[in-house]
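Start counting at 1 in the sequence shown, then tack on 493, and there's your number in the working numbering.
We treat Cβ as the ideally placed atom computed from N, Cα and C, and that holds for glycine.
In this text the structure is predicted, and so the values were computed from the model without any measurement.
Here's the structure we're looking at; comments come further down.
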Amino acid sequence: MPHWLTDLSEALEVGPDGKRDRKEALVRTYVRSGRPQPAVLSLRHQHCRVSVNGTQILDVDTWWSSDWNLQTSLRKGVNEIEVEFSGGNRAQGIAPVHLFDPVGTALRELTVPDSAEALRQAAGEYARVHRAGGDTVRLSAVPNQLAFSPRELRLKAGRKVTLVFENPDLQIHNVVISRPGTLETVGLLADRLALDPNAGGQPYVPDHEAVLWSTPLVNGGEQVALEFTAPSTPGRYPILCTFPGHWRVMQATLVVE
Numbered sequence: 494m495p496h497w498l499t500d501l502s503e504a505l506e507v508g509p510d511g512k513r514d515r516k517e518a519l520v521r522t523y524v525r526s527g528r529p530q531p532a533v534l535s536l537r538h539q540h541c542r543v544s545v546n547g548t549q550i551l552d553v554d555t556w557w558s559s560d561w562n563l564q565t566s567l568r569k570g571v572n573e574i575e576v577e578f579s580g581g582n583r584a585q586g587i588a589p590v591h592l593f594d595p596v597g598t599a600l601r602e603l604t605v606p607d608s609a610e611a612l613r614q615a616a617g618e619y620a621r622v623h624r625a626g627g628d629t630v631r632l633s634a635v636p637n638q639l640a641f642s643p644r645e646l647r648l649k650a651g652r653k654v655t656l657v658f659e660n661p662d663l664q665i666h667n668v669v670i671s672r673p674g675t676l677e678t679v680g681l682l683a684d685r686l687a688l689d690p691n692a693g694g695q696p697y698v699p700d701h702e703a704v705l706w707s708t709p710l711v712n713g714g715e716q717v718a719l720e721f722t723a724p725s726t727p728g729r730y731p732i733l734c735t736f737p738g739h740w741r742v743m744q745a746t747l748v749v750e
């Protein structure tokens, strides 16, 4: 996929050898699929984050492995692919990104922008379709990493939204939002629920005043959308997954302003 936009909306062309002169960048490209279909996104880089349609599928900062073949899915219509290449002393530059089907051949019914103008048009179409709904907030599990994406949500105090939680992981997850400073309290209570021999099939959400809002358990490949009203008091509200063994790692923050 050669045509990308930077976070400054600068058109950037990345060839098969990458761009080693750009040591860090946030870049996006857009592809149009004629139907929903599975896909594999491939790149070689040790320090990057990758998202497809707003769902993070990779967050890596390592010296040990750099070859990634990431399973994802494309929606019918325009899809956004975003890659953040990190800088610093270990910067490697911008790597080429490849997209193909699960058996390694070219995707069918897929078109990619062939010019900077076509890329900008696709970006505008994606924004109109997916970002116009200001009353929807999205949170996603990161596959294979016990993490949320994004790691921080921001809402105005008292704002009413639909919170969509997507789980592209293989494991079961949920979302629990608690009062400021109560992350450990809620997490330890969730640990107790996990030890209850009669807790199987339960949502593992503690019945405690510190819990403000929660989703049911969401299986891999599924999502849930529920109404949520931001607290009236500004602050930093912990977000955690209370499925057994997850809360100590799988955390995010709701910032109420």
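Rounded to the nearest angstrom, the gap between the Cα atoms of ASN712 and LEU592 is 26 angstroms. The straight-line gap separating the alpha-carbon atoms of SER725 and LEU648 is approximately 10 angstroms. Of the residues GLY651, PRO731 and GLY617, the one whose Cα lies closest to the Cα of ARG672 is PRO731. Bridge partners of TYR730 according to DSSP: LEU747.
Counting every other CB atom within 10 Å of its CB across the protein chains shown gives SER642 a total of 16 or more, marking it as buried.
The beta-carbon separation of LEU747 and TRP740, rounded to 15 angstroms, does not stay under the 8 angstroms limit for a contact. The beta carbon of VAL668 is closer than 6 angstroms to those of PHE658 and THR708 in its chain, skipping five residues each way along the sequence.
With fewer than 16 other Cβ atoms inside 10 Å of its own Cβ, GLN695 counts as exposed. Taking C-beta atoms as the reference points, VAL533 and ASN562 count as a pair closer than 7 angstroms.
A straight-line Cα-Cα distance of about 17 angstroms links PRO589 and GLN564.
Here the C-alpha atom of PHE736 lies approximately 15 angstroms from the C-alpha atom of TRP706.
Between the C-alpha atoms of HIS540 and ALA745 there is a straight-line separation of about 21 angstroms. Between the alpha carbons of PRO495 and VAL717 lies a distance of about 35 angstroms. In the DSSP assignment, VAL679 falls within the unbroken alpha helix (DSSP H) covering 676 to 688.
For ARG568, there is no enclosing beta strand (DSSP E), as DSSP marks it with neither H nor E. In the structure shown, the three-state DSSP call for GLN664 is coil. Distance from the CA atom of ALA616 to the CA atom of THR675, rounded to whole angstroms, is 40 angstroms. The residue from VAL698, ALA518 and THR629 with its alpha-carbon nearest to that of GLY586 is ALA518.
Look at VAL669 here: in three-state DSSP terms it is strand.
Nearest neighbour of GLU610 by Cα position, chosen from GLU503, PHE721 and GLY728, turns out to be GLU503. One alpha carbon belongs to PRO699, the other to GLU677, and they sit about 12 angstroms apart.
If you check the CB distance, ALA640 and ASN660 do not come in under 7 angstroms.
Judged by beta-carbon spacing, GLU506 lies beyond the 7 angstroms limit of VAL571, meaning their Cβ atoms are not closer than that value.
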